[in-house]
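Going by the UniProt record's numbering, the first residue of the sequence shown is number 1, and it counts up by one from there.
Here's the structure we're looking at; comments come further down.
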Amino acid sequence: MERPLLVYTTFPDLASALNIGEALVRERLVACINVLPGMHSVYSWQGTVARGEEVAAILKSREGLADALSAALKARHPYETPIILHLPVAGADADTAAWILAETGAGASNGSPVQEA
């Protein structure tokens, strides 16, 4: 069975994260996006240390979609160089893994989706 994949990224605001996330869900590149607003960042960019407010996002997908998901994120992302980190999943609850795989087109759905909070 193909393993789930988590992808971490950031966005400049809640609206762009939700809009891009919804498009990726509709395209079945991700089963879900969790958006965490209110993040404060300190980062180095083009030789300058800067501060800013961002939102963090965790996308739930599968390993086989890593390249396609990265390309889709880059194509839509408002940042010149978006942060896209693939976080391989060492283990997952069987029902959670099956739901992610089913929602991203890899496997049959059992008809009972996992409720996201």
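All C-beta atoms in this analysis are idealised placements derived from N, C-alpha and C, irrespective of residue type, glycine included.
All of these numbers come straight from a predicted model, not from anything done at the bench.
### Query
Nearest CA to the CA of N36: which residue from I20, E54, R28 and Y43?
Walking along the sequence shown from the start, residue 36 turns up at place 36. Per the sequence shown, the amino acid found at residue 36 is Leu instead of Asn. Nearest option by C-alpha distance: E54.
### Query
Is DSSP giving T96 helix, strand or coil here?
Stepping through the sequence shown from its first residue, residue 96 is reached at position 96. Looking at T96 - three-state DSSP - the assignment turns out to be helix.
### Task
Give the secondary structure of L87 by DSSP, where H, G and I count as helix, E and B as strand, and everything else as coil.
The residue given as residue 87 occupies position 87 in the sequence shown. Here L87 sits in strand by DSSP.
### Message
Less than 7 Å between C-beta atoms, sequence neighbours within five positions excluded: which residues of the same chain meet that for R76?
### Response
Here residue 76 corresponds to residue number 76 of the sequence shown, with the count starting at 1. Counting only Cβ-Cβ distances below 7 Å, and skipping sequence neighbours, we find I20 and A23.
### Query
Which value, in whole angstroms, describes the spacing of the CA atoms of G38 and V7?
What you label residue 38 is simply residue 38 of the sequence shown in a count that begins at 1. What you label residue 7 is simply residue 7 of the sequence shown in a count that begins at 1. The straight-line gap from Cα to Cα measures roughly 19 Å.
### Query
Using 8 Å as the Cβ pair cut-off and three pairs as the minimum, do the stretch 44-52 and the stretch 82-91 touch?
These segments do not touch.
### Query
Smallest Cα separation from E63: which of L73, L101 and P82?
Stepping through the sequence shown from its first residue, residue 63 is reached at position 63. Closest option to E63, judged by alpha-carbon separation, among L73, L101 and P82: L101.
### Task
Give the DSSP-derived three-state secondary structure of G38 in the structure shown.
Taking the sequence shown and counting its residues from 1, the one referred to as residue 38 is at position 38. In the structure shown, G38 sits in a strand (DSSP, three-state: E or B).
### Message
So, for residue 122: in the same chain, excluding its five sequence neighbours on each side, which residues have a beta-carbon less than 6 Å away from its beta-carbon?
### Response
This structure gives no information on residue 122, because the portion of the chain shown stretches from 1 to 117.
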